[in-house]
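Numbering (our numbering), first residue to last: 63 to 377. Heads up, the beta-carbon is just placed ideally off N, CA and C, and yes, glycines get one too. A quick note: this is a predicted structure, and the numbers were derived from the prediction, not measured. Take a look at the structure set out below.
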Amino acid sequence: MPDASRIVGPVAPATIAREPDGRVSLRAVRLTAPLRIDGRLDDEFYRTVPAMSDFAQIEPREGLPATERTEVWIAFDEQQVYFAFRCWDSHPELRVAKEMRRDNGNIWNGDDNVAFMIDTFFDHRNSFQFTLNSIGGRQDAQVFNERQWSGDWNTIWSSATASFENGWTAEVAIPFKSLRYQPGREQIWGFNAMRTNRWKNELSFLAPVPKSLGQRGLLQASLAAPLVGLSVPPGSRNLEIKPYAIANAKQERDAHGVLLGDVGVDTKYGLTQNLTADFTCNTDFGQIEADEQQLNLTRYALHPTELAVNFSARS
63 MPDASRIVGP
73 VAPATIAREP
83 DGRVSLRAVR
93 LTAPLRIDGR
103 LDDEFYRTVP
113 AMSDFAQIEP
123 REGLPATERT
133 EVWIAFDEQQ
143 VYFAFRCWDS
153 HPELRVAKEM
163 RRDNGNIWNG
173 DDNVAFMIDT
183 FFDHRNSFQF
193 TLNSIGGRQD
203 AQVFNERQWS
213 GDWNTIWSSA
223 TASFENGWTA
233 EVAIPFKSLR
243 YQPGREQIWG
253 FNAMRTNRWK
263 NELSFLAPVP
273 KSLGQRGLLQ
283 ASLAAPLVGL
293 SVPPGSRNLE
303 IKPYAIANAK
313 QERDAHGVLL
323 GDVGVDTKYG
333 LTQNLTADFT
343 CNTDFGQIEA
353 DEQQLNLTRY
363 ALHPTELAVN
373 FSARS
């Protein structure tokens, strides 16, 4: 694991420092009052705190400054960590944005978007990733070992986007209890941000990544910039309960209709920051060998009531 004690970061009030060798370090800003998550970036915070900027292209011209300016702010209070983007655009009428379904691949691959990753354990291997297109479609995921991307992860976070005359803006608020991070109040995380400009086919990053990685450069926690200045609450155990219910009706000739239904629940409980227990009652995805063989042409599995307990640990 990197030696965090040697990382100083930019000196306040500066929020970004770039070294001659290309290395980047960032600083988060403590808030005295929560930000309004409306996408408009009209809080006093955005007028007084300098933005992080100077994105560099990897497509189409690697290493050159991005042709459209992107500004980033990172802040926090006792409850949440905030990320905001102002994306300037010389031709906003050409912007591509059409997808609103959560976690749909078009948000990442088809629309104008901003995306960012946070390596909360600062292990240079694993991260959380968040993506927003310019009309508010969003995607969240976990990344393991810089290559295994899991869109099945869905946490609680707030976001909003808005348009202005010369581009578009986005705001994100993530409760600390929605994340897992290393012990201790003072933290250093890894951070990188990416902007995709579709009408120019331009891809740019806040902290530089090689062109050969393309969009997958955002998965590379080892290339993220250290983010200093964070002071976080003790890790939450974060109880999540997800009930489900299904129903179907059957009508046979010369017989009364039959209404069938089933319920179950998935529960996730964080025992520690590194260990999570998953409890499932009456799973909606499994069958066991004791089931009577039946032909099932529906999307729902045929199963008895069962209880499953699984533990997942972070390495």
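- Going by C-alpha positions, Asn166 is about 15 Å away from Val176.
- About 6 Å separates the Cβ atoms of Ile120 and Phe267, confirming a contact at the 8 Å cut-off.
- Counting along the chain, the unbroken alpha helix (DSSP H) around Phe107 starts and ends at Glu106 to Thr110.
- According to the DSSP assignment, Trp170 belongs to the alpha helix (DSSP H) that extends over Gly167 to Asn171.
- In this chain, the beta strand (DSSP E) harbouring Ser225 covers Ser220 to Phe226.
- Rounded to whole angstroms, the gap between the alpha carbons of Pro295 and Phe138 is 11 Å.
- Of the other Cβ atoms in all chains shown, 16 or more fall within 10 Å of the Cβ of Tyr144; this residue is therefore buried.
- About 4 Å separates the beta carbon of Ala113 from that of Glu133, a gap short enough to meet the 8 Å contact definition.
- With a contact defined as Cβ atoms closer than 8 Å, Thr231 and Arg102 qualify at about 7 Å.
- Cβ contact annotation for Pro288 (same chain, cutoff 6 Å, sequence separation greater than five): Ile69, Ser87 and Ile250, in chain order.
- By the 16-neighbour rule on beta-carbons within 10 angstroms, Tyr306 is exposed.
- In the three-state reduction of the DSSP assignment, Ser212 falls in the strand class, which pools E and B.
- Taking C-alpha positions only, Ala74 is separated from Val290 by approximately 11 Å.
- Taking all protein chains in view, the Cβ of Ala286 is crowded by 16 or more other Cβ atoms within 10 Å, so the residue is classified as buried.
- For Asp83, DSSP records no beta bridge to any residue.
- Burial is judged here by how many other beta carbons sit within 10 angstroms of a residue's own beta carbon; Gly199 has at least 16 and is buried.
- When DSSP states are grouped into helix, strand and coil, Gly101 belongs to the coil group.
- Less than 8 Å separates the beta-carbon of Asn188 from that of Ala283.
- Close CB contacts of Ala255 within its chain, under the 6 Å cut and outside five residues either way in sequence, are with Val134, Phe178 and Leu268 (chain order).
- Distance from the Cα of Asp100 is smallest, within the candidate group Pro154, Ser220 and Ile136, for Ser220.
- Taking 8 Å as the cut-off, the beta carbon of Gly326 is found closer than this to the beta carbon of Cys343.
- Inter-residue distance for Arg98 and Asp105 is about 7 Å (C-alpha atoms, whole angstroms).
- If the five residues before and after Asp174 are omitted, its C-beta is found closer than 7 Å to the C-beta atoms of Arg157, Val158, Ala159, Asn195, Ser196, Thr258, Asn259 and Arg260, all from its own chain and listed in chain order.
- The distance from the Cβ of Phe190 to that of Gln210 is about 13 Å, inconsistent with a contact at the 8 Å cut-off.
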